[in-house]
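Remarks on the structure that follows.
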Amino acid sequence: MQNAVQKVAELIDHLRRESLNEQNKCFYCGGFHKTVDCDSAQRKAFHLSLLALSAEASTQFWEEDLGQESFQFENKEDLEHSRLPDVIEKWEELAF
């Protein structure tokens with residue numbers, strides 16, 4: 000999950016610099032346009048990689064934490080009411 004956090008942090012920093020006109024290249028493809036306007040294959044690949052990292056983290060979450068007393072969800076139905084599925088859905092939406 001740390002890798003996903005790092006990627007998102009880099010994107011946020013790039014967008015911040017772009018809004019301050021300190022950066023004029025697209026984060027995803029390196030083209031000379033705003034990152035938010037990019038529809039390149041690199042953009043899609045970036046968001047798919049976040050989705051894959053999210054799926055991996057979710058699997059690890061269930062494998063490592065399900066049996067621990069500190070686990071905050073009683074079952075998968077409780078997880079469905081958490082924000083994690085919303086985050087995964089948003090990454091899927093951004094990828095396509």
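Residue numbers for the sequence shown follow numbering that gives the first Met the number 0, so the first one is 0 and each next one is one higher.
Ideal Cβ placement from N, Cα and C applies to all residues, glycine included.
Computed from a predicted structure; not experimentally measured.
Legend entry - Three-state class that DSSP yields for GLU21 in the structure shown: coil
Legend entry - Where LYS6 sits in the DSSP three-state scheme: helix
Inset, instruction - Could you check the C-alpha separation between VAL4 and GLN41 for me, to the nearest Å? - result: 18 Å
Legend entry - Spatial neighbours of GLN22 in its chain, beta-carbon cut-off 8 Å, leaving aside the 5 residues before and after: HIS13 and ARG16
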